[in-house]
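Student: Numbering (the numbering used here), first residue to last: 6 to 247.
Note that CB positions come from ideal geometry on N, CA and C, so glycine has one too.
Got a structure for you, written out below as structure tokens; questions coming shortly.
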Amino acid sequence: MICVLLMTLTGCGTTNEGQVTMGDIEPGVLKGRVVDAAGSPIEGAEVVADNQLLYNSNAVIRTDSDGFYRLDTDVRATFHATASVTKQYNGQDYTLSLAPDDDATFAGPTGAIRNFTWKLSGKKPDDLGFYGGKVLFNFGITDYLDTFPEDEKVQLTLTPEGPLIDGSEGSLIVGMATRNGDGSGLEDVPIGRYRITADYEGRPLAVKLRKGGDYARDVVADFAPIMTGIYFIELELALPRA
Numbered sequence: 006m007i008c009v010l011l012m013t014l015t016g017c018g019t020t021n022e023g024q025v026t027m028g029d030i031e032p033g034v035l036k037g038r039v040v041d042a043a044g045s046p047i048e049g050a051e052v053v054a055d056n057q058l059l060y061n062s063n064a065v066i067r068t069d070s071d072g073f074y075r076l077d078t079d080v081r082a083t084f085h086a087t088a089s090v091t092k093q094y095n096g097q098d099y100t101l102s103l104a105p106d107d108d109a110t111f112a113g114p115t116g117a118i119r120n121f122t123w124k125l126s127g128k129k130p131d132d133l134g135f136y137g138g139k140v141l142f143n144f145g146i147t148d149y150l151d152t153f154p155e156d157e158k159v160q161l162t163l164t165p166e167g168p169l170i171d172g173s174e175g176s177l178i179v180g181m182a183t184r185n186g187d188g189s190g191l192e193d194v195p196i197g198r199y200r201i202t203a204d205y206e207g208r209p210l211a212v213k214l215r216k217g218g219d220y221a222r223d224v225v226a227d228f229a230p231i232m233t234g235i236y237f238i239e240l241e242l243a244l245p246r247a
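In structure tokens, the structure reads:
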């Protein structure tokens, strides 16, 4: 019986046959549409119907040219739908989670409609982080200082260098650092290339990438992958000598 179920899941979702339209919920079918923040369809986004009962027996499909997808879930199992888009940006591939209009599980024989939107920022469902990346920093050696600088007194300014990863125009980001589970900095920053400066209580800081390079008043940086779907810019800051 397990073999039959696995064959059913493997066989479905490999191609879109004909034009998929929304309509009503169909028994045994998961369908929907994937769009960007402007409402334009996304072709080639990956949609996964995760079988909650059997390990590694998911159904996977990619959206058509109009952003639609449709796959068979007519088995006695509960499914959870997720989606992602892979985009090359400044010579690097990024795989980013998409925001569902409904994150609830559903019974395979009942079917469901799940639409997804490519959001560059905002909270993910179930407190699983943010759609944006993190800009994190630590201070370099400052043995000439009487006290170690306080991270929360650092202000970061991010100026977009060109369009963001989805092709949209970015905005100037200015924010005070906060502490999070990965360090100190800014959370939920739309993936893009930024020119970054930092100040400490109004005093300019020297900045460089944590992985190397020389200190300067500003640095241009891209997000780097930490693991699939998680991207950081990691900086090192220094207070100039008085």
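Would the beta-carbon of Gly-86 fall within 7 Å of that of Arg-119?
Tutor: In the sequence under discussion, the amino acid at residue 86 is Ala, which differs from the Gly named in the question. Taking 7 Å as the Cβ cut-off, Ala-86 and Arg-119 qualify as a contacting pair.
Student: Assuming Ala-109 and Phe-121 are in contact, meaning their beta carbons sit under 8 Å apart, how far apart are those beta carbons, in whole angstroms?
Tutor: Actually they are not in contact, since the Cβ atoms of Ala-109 and Phe-121 sit about 14 Å apart, beyond 8 Å.
Student: I think Gly-49 touches Arg-67, with their Cβ atoms under 8 Å apart; what is that distance to the nearest whole Å?
Tutor: With a Cβ gap of about 5 Å, Gly-49 and Arg-67 count as contacting.
Student: Go ahead and label Ser-45 buried or exposed: buried means 16 or more other beta carbons lie within 10 angstroms of its beta carbon, across all protein chains shown.
Tutor: Flag for Ser-45 reads exposed.
Student: List the endpoints of the continuous beta strand (DSSP E) containing Asp-227.
Tutor: Counting along the chain, the beta strand (DSSP E) containing Asp-227 begins and ends at 224 to 227.
Student: Skipping 5 residues on each side, what residues in its chain have a beta carbon closer than 7 Å to that of Tyr-236?
Tutor: The residues are Tyr-99, Gly-138, Ile-196, Phe-228, Ala-229 and Pro-230.
Student: Give me, in chain order, the residues of the same chain whose beta-carbon lies closer than 7 Å to that of Ala-243; leave out the 5 immediate sequence neighbours on both sides.
Tutor: Only Phe-144, Gly-145, Thr-147, Leu-210, Ala-211 and Tyr-220 meet the Cβ criterion.
Student: Buried or exposed: which applies to Arg-208, given that a residue is buried once 16 or more other Cβ atoms fall within 10 Å of its Cβ?
Tutor: Arg-208 is exposed by the Cβ-count criterion.
Student: Among Asp-156, Gly-96 and Asp-79, which has the Cα closest to the Cα of Ala-117?
Tutor: The candidate whose alpha carbon is nearest that of Ala-117 is Asp-79.
Student: Under 7 Å, Cβ to Cβ, is there at least one residue of chain B near Gly-116?
Tutor: Of the chains in the structure shown, none is chain B; there is only one protein chain.
Student: Give me the DSSP bridge partner(s) of Ile-201.
Tutor: In DSSP, Ile-201 forms a bridge with Leu-163 and Val-224.
Student: Going by C-alpha distance, which of Glu-51, Leu-163, Arg-198 and Gly-72 is nearest Gly-96?
Tutor: Cα-wise, what sits closest to Gly-96 is Arg-198.
Student: In this structure, how does DSSP classify Glu-192 when only helix, strand and coil are distinguished?
Tutor: Here Glu-192 sits in strand by DSSP.
Student: Could you tell me the alpha carbon to alpha carbon distance between Lys-36 and Glu-155, rounded to whole angstroms?
Tutor: So the two alpha carbons sit approximately 50 Å from each other.
Student: With DSSP collapsed to three states, give me the class of Glu-51.
Tutor: Strand.
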